[in-house]
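Residue numbers (our numbering), protein chains in the order written: chain A, 1 to 87; chain B, 1001 to 1978.
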C-alpha cells in the first residue's frame, strides 16, 4: 500500500485516497471529438513517471496531482490540483 | 518422561509442566514448550500423515514453519483449523489434533493403493485428463476430489475475534536469531525505536538449537539481556508473530498468534491480530532453510533434515532415532552427528558428497576421529514403511553398501529465506559453490542480514546484523561469540542423486507429491520455462509454496536444460509467507460489520410500523409496511393502489441533495446537467439528467432555483456519493474559475413525499397558511413550528409533493403528514410500491435503466437535451456509433399470456435464438392488473407491437410479451398536473 504525502494532511495510507485518472486524460468541456476519444479510449499507459490526479477522499477530500512512477510506485511529488506542474 | 524417545534431561522444555493432548484419538503427554511434532516424536510417533496424491506415509521432515509433510488439523467446530504444520503448533492442555488425507485411518489407509497406481498418475496428470473429453474428466474429477487433498475445510463459522492494529516504528526487525537480535540492539543503541517480530514462541532462532557463548554470556543470558535492553529503550517485541507480506512503501503485515490452532482464546476472545507496520527501515533476519536431497524414499518417516534432528535433540530433548545415517554436502551436519553421538545414538555413516581431497575444518576432523565418515559418498535409498526406517543403501567408495539405521539426517545445503526481500521488489545473486540465492539489489527501504544474507558462521552473522542495522554502528562494538561456536558451513552444493537411485521415489516437492522423475518427464514433454514447469507438475504450489523444494526442483530443471541455475529463473515470491487465516484479514469486517449501515433519520419511526426492510446501498429503508398477514408483494400492491386512488406517504430523505450557490451557480449547473437550467425562474424546478464524459447517462434528479443565485439539486439515493465526487471534480478540476460553492446537504434535509389524487388536500391541511405550489414549483412554509420547503414534483405519476425539513426536526412533520393522509384513507408506502409506480410510469432509475451503457436518446430523452450543448458529455454524443442502427433502446413490455414477466430475463424472437434485448425492471399494472416490464430492445423504438419471448434461464421462467411504449399509466400525463 502506497504512502502518499498529502500536502494538507501529511503522509497517509493509500486506502484513504482514490485514483482519478492520468492528468493528461482530463477532458475539458471544449474538447474536440478526436481529442475526447483519444483521452477516453485510446490513451497511453506510460511505463515510468507520470502525473496523475488523485483525491484524498477519506481525508481532506482535496484533489491532488501525484507524480508517480508506474513501474516502481515511487512518488516524487504530491501537490494541490491548482498548482502548476510540467505536463 | 513423556515418551520413549525423550532424553532424561536437557532441552528448553519445562519438565515441571506436563501437557496432555490428543492426536488421532489417542492421549499423549508432552511438556510446556513442546511443539506438537516434538511431543509426538518424544512419544515414539513416526507416522504423521498421508501424502497429497499417492497417500504415501509421511513423518516429520523439519522443525520449523517450512515443514512440508506433517500437516495436521486441530480443534473442532468454530475453532477447527486444517493444514497446520505440527512443527508450528505449540501444545496446550486439551489440544485435539488429527492427521489428514487418510481413510479410514492413518495406519490403514485405502488411498495408499494410489502408490501402486502411481505409474499411471504422472506429471501433468490433471492437464492430460482434460484431453480425454469432458465425460472422462468428470469421472476423474470425482475420484481426484475423493482421494487427493489436504485437510477438510471448516464447516462452522469462525468462533473467534480478530483485530487489526497499525504501528509506526523507526526500525522493524523480522526474526530474532543472532542476526536479528544484533540488528535490533544496534538500531536501538543508535536511538531508533525498534519493533521486533519473531514467529516462534521464544526469541533466539538458531541459538535455541545451537547454544553459544556471546559477549561472555550464555546465549540464554544474552537473549534475555537483549530483550530487556530493547524494551527499556521503548522497543516492542512480538513473539508468535509472522511477517506475512511486504508491500509497497515499506508496509509489512505481521500476523500475531494469540492462540494456537484450535485453542480457546482468553476472556477478550481475541485469537489473532494483524499488525500493519510502517517502519522507516526494515531489517530482514529471516535465516535460511536447510534443503533436502534426492534419493529413493527420501520422503519416508524417519528421514529428516539434519538441522531438525539437532533441534529436536537440543531444544526439545527428543532423540529422533538410535542409529543414524547422515547425508550432507556441508559441515553443519557434523554438528548433528556429533551431538547425536553424544546423546547415545550410534552413527551408521556420515555420507559426505564433497570430494575426498578437500581441506577439513576442525569440526570435521573431530568427527573423523570418532565416527565413520565417507567422502564422495551418496545415499541411494532409504528403506522403510509407515512404521519407520528399516535401513538404507549408500554408494561408498564406488560400491553399493547396505546400512542399518532407523534415522536419516539430510543436509543438502542452505537456502537463505529471501521471500520478504523478493516481495519488496529485490533482486537475487547466485552463488554456484553453495548453490544458493541471496539478496542483491533492494528497491525499498530494507536490508537483509545474517544467514538470510548469506552470512556464514555465528561471528559473521552477529557482525552482519550489528553493522547493517545502523549507519552509526561500529564493527568493533558488534557482539562476538566464542571461537568454538563459530562454525562455517563450507557447502559444496551437489544436486546429483546417486545413479542407482530410482527417481520415481525421489521426491522434490513433498507436499504436492512431485518427484524428480516427474520433473524430468515434464521437461521431455517440452515444459522448459520454470513457470510452465511449476503449473504442469504443481511443483511448489502447495501450502508450503515450495519452501524446501523450489531450489532442488530448479537445479533439476537446470541440469536437464544444461544451463546454470540462475538462467533457468525463479517463480514469483508472493505473500503470504506462511498461510494466513482469512479471519485475521477480515477482522471486524464480517457479518453486520462488513459494510457500514446507514439509517435514515426516521429509522425509529419506521421501525415502530414494523416494515419489511431493504438495503439500498448502505441505507436501510422500508420496503413495505405490511398489514396483518400481508407478504411483501401483497403489501406493495395495496400501497401502490392506495397511491393511485387516494394518497400515500413515503420517506425520501436519502435522496442526494446539493446546495449550489454563487454568481456562477447556473453556469456550473449547466456543465453538470444536460438540460436547460439557467432559464429557470426563481421558485421553479425541473427534471434533469446528468451525463458522463462519454455521453452515457450517469444519474437523474431535479434542479430547483430557490434564489437568483442558489439552486437545490437532487439526485438518486444510490448515486449520491458518486454525484458528490462528480460535483467536486467539476468544480475543482474542470471549472475552477467559476464562482460557485457546492454543499452536500443530503443529510441536512430530510424529506417526506406525498402522492396521490388527495395529495394536494393533505398538503393544504398540514400547511394551511401556504398556497399549495403548482407542479414543478416550490414554496416555503411552517409545520408544527418547523420551517419547511415544499417541492411539487411527481415520481409516481400522481399529483405529488416533497416536503423538506431540517433532519433533526423532521419527526413532527412526518407525523402530521402521515396522520393527515391516513385521515383521508391513505397509507404509508415503501420502496417496493415506489418501484411499481415508477415502472408503470416508465421513469428510469440508476442501476436499472441507467446502467452506464445508455445514452439519452437510447432512453427516449433526447428532446430534453439542451440544444446549445456545453454540458459534460455533449461532445461524446456526437460519436457516430451512438447513431448507428442496432442500439438497445428502452421500451415497455406487456405479458400477453397471463404469466409474470421474469425479472432480469432476456428477450428472444423465437426459442433458441440469440437474445435481442433484456428486461431491466418487471412490475404490474396497478389498477388493471397484468404483468408489465421495462427493458432494452435492439432498435426497440420501431418495434412496438412485436411479439417476443422473455426468458430467464436462471429462474426457469418464460413469458410471451408484446413490445409497447414505456408508459403504461396516464399516457397523456394529466394525473400529476394541477
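Don't be surprised by glycine CBs; every beta carbon is placed ideally from N, CA and C.
Everything numeric in this text was worked out from a predicted model, so none of it was measured.
Inset, instruction - Spell out whether any CB of chain B is found under 9 Å from the CB atom of residue 72(A). - result: The beta carbon of residue 72(A) sits closer than 9 Å to some beta carbon of chain B.
Legend entry - Cβ-based contacts, 8 Å cut-off: residues of the segment 20 to 40 of chain A near chain B: Within the segment 20 to 40 of chain A, the residues whose Cβ lies closer than 8 Å to any Cβ of chain B are, in chain order, 20, 26, 27, 28, 29, 31, 32, 33, 36, 37, 40.
Legend entry - Beta bridge counterpart(s) of residue 1685(B) as assigned by DSSP: According to DSSP, residue 1685(B) bridges with 1704(B).
Inset, instruction - Could you tell me whether the Cβ of residue 83(A) comes closer than 9 Å to any Cβ of chain B? - result: With respect to chain B, the C-beta atom of residue 83(A) has no partner C-beta closer than 9 Å.
Inset, instruction - Examine chain B for any beta-carbon lying closer than 9 Å to the beta-carbon of residue 55(A), and answer yes or no. - result: So yes, residue 55(A) belongs to the interface.
Inset, instruction - Can you check DSSP and say which residues form a bridge with residue 19(A)? - result: When beta bridges are read from the DSSP output, residue 19(A) appears opposite 54(A).
Inset, instruction - Just tell me which of 1827(B), 1879(B), 1898(B), 1230(B) has its CA closest to the CA of residue 1754(B). - result: In terms of Cα proximity to residue 1754(B), the closest of 1827(B), 1879(B), 1898(B), 1230(B) is 1827(B).
Legend entry - residue 1165(B) burial status per 10 Å Cβ neighbour count (16 or more: buried): Exposed, by the Cβ-count rule.
Legend entry - Buried or exposed (CB count within 10 angstroms, at least 16 for buried), residue 1507(B): It counts as buried.
Inset, instruction - Kindly list the residues whose CB is nearer than 6 Å to the CB of residue 1762(B), restricted to its own chain and excluding five residues on each side of it in sequence; keep chain order. - result: Here the set comprises 1647, 1754, 1820, 1821.
Legend entry - DSSP-derived helix/strand/coil call for residue 1970(B): Looking at residue 1970(B) - three-state DSSP - the assignment turns out to be coil, as it is neither helix nor strand.
Inset, instruction - Using a threshold of 9 Å, state whether the C-beta atoms of residue 1021(B) and residue 1076(B) are closer than that. - result: It is not a contact, given that the beta carbons lie outside the stated cut-off.
Inset, instruction - Let me know if residue 1693(B) comes out buried or exposed under the rule of 16 or more other beta-carbons within 10 Å of its beta-carbon. - result: By the 10 Å Cβ count, residue 1693(B) comes out buried.
Legend entry - Distance CB(residue 66(A))-CB(residue 1736(B)) smaller than 9 Å: Contact flag unset, no.
Legend entry - Residue nearest to residue 1357(B) in terms of C-alpha spacing, selected from 1374(B), 1640(B), 1341(B), 1347(B): Ranking 1374(B), 1640(B), 1341(B), 1347(B) by Cα distance to residue 1357(B) puts 1374(B) first.
Inset, instruction - Tell me, to the nearest whole angstrom, how far the beta carbon of residue 1158(B) is from that of residue 1662(B); I am working on the premise that it is less than 8 Å. - result: The Cβ separation is near 53 Å, so there is no contact.
Inset, instruction - Note down, in chain order, every chain B residue with its Cβ under 9 Å from the Cβ of residue 3(A). - result: Under a criterion of Cβ atoms nearer than 9 Å, the residues of chain B adjacent to residue 3(A) are, in order, 1248, 1249, 1250, 1251, 1278.
Legend entry - 9 Å Cβ cutoff, residue 1768(B) in contact with chain A: At least 9 Å separates the CB of residue 1768(B) from every CB of chain A.
Inset, instruction - Would you mind working out which of 1563(B), 1335(B), 1398(B), 1722(B) sits nearest residue 1371(B), comparing C-alpha positions? - result: Residue nearest to residue 1371(B) within the set 1563(B), 1335(B), 1398(B), 1722(B) is 1335(B) (criterion: CA-CA distance).
Inset, instruction - Could you pull the start and end residues of the alpha helix (DSSP H) that residue 1220(B) belongs to? - result: Per DSSP, residue 1220(B) belongs to the alpha helix (DSSP H) from 1219 to 1232.
Inset, instruction - With DSSP collapsed to three states, give me the class of residue 1496(B). - result: Correct three-state label for residue 1496(B): coil.
Inset, instruction - For the segment 1635 to 1650 of chain B and the segment 1691 to 1706 of chain B, state whether three or more C-beta atom pairs, one from each stretch, are separated by less than 8 Å. - result: Verdict: no, contact absent.
Inset, instruction - Indicate whether the contact test is met: 3 or more Cβ pairs, each with one atom in the segment 1914 to 1927 of chain B and one in the segment 1895 to 1902 of chain B, closer than 8 Å. - result: A contact exists between the segment 1914 to 1927 of chain B and the segment 1895 to 1902 of chain B.
Inset, instruction - Could you check the C-alpha separation between residue 37(A) and residue 1879(B) for me, to the nearest Å? - result: Cα-Cα distance, rounded: 9 Å.
Legend entry - Neighbour flag for residue 77(A) against chain B, beta carbons, 9 Å: No, no contact with chain B.
Legend entry - Cβ-based burial, residue 10(A) [other Cβ within 10 Å; buried from 16]: Per the 10 Å Cβ criterion, exposed.
Inset, instruction - Could you tell me whether the segment 1927 to 1946 of chain B touches the segment 1838 to 1855 of chain B, where touching means 3 or more Cβ pairs closer than 8 Å? - result: Contact check between the segment 1927 to 1946 of chain B and the segment 1838 to 1855 of chain B: three or more CB pairs, one atom from each, fall below 8 Å, which counts as touching.
Legend entry - Contact set between the segment 1679 to 1690 of chain B and chain A, restricted to residues whose Cβ is under 7 Å from the partner: Residues passing the 7 Å Cβ filter: none.
Inset, instruction - Starting from residue 1018(B), follow its DSSP beta bridges and name the residues at the other end. - result: BP columns for residue 1018(B) point to 1031(B).
Inset, instruction - Kindly provide the ranges of any beta strand (DSSP E) runs that are 3 or more residues long and lie completely inside the segment 1273 to 1348 of chain B, ordered along the chain. - result: Qualifying beta strand (DSSP E) stretches, in chain order: 1288 to 1290, 1303 to 1305, 1323 to 1328.
Legend entry - Inter-residue Cα distance where the pair is residue 1979(B) and residue 1385(B): The first residue shown for chain B is 1001 and the last is 1978, placing residue 1979(B) beyond what the model contains.
Legend entry - Neighbouring residues, chain B, relative to residue 51(A) (Cβ below 9 Å): Here the premise fails: no neighbours, minimum Cβ distance about 13 Å.
Inset, instruction - Could you spell out the range, first to last residue, of the alpha helix (DSSP H) harbouring residue 1692(B)? - result: Going by DSSP, residue 1692(B) is part of no alpha helix (DSSP H) at all; its letter is neither H nor E.
Legend entry - Residue span of the beta strand (DSSP E) that contains residue 1097(B), given as start and end: Here the beta strand (DSSP E) through residue 1097(B) covers 1095 to 1099.
Legend entry - Any chain B beta carbon closer than 9 Å to residue 18(A): It does: the Cβ of residue 18(A) has a partner Cβ on chain B nearer than 9 Å.
Legend entry - Limits of the alpha helix (DSSP H) - the one that residue 1672(B) falls within: Where residue 1672(B) is concerned, the enclosing alpha helix (DSSP H) stretches over 1665 to 1672.
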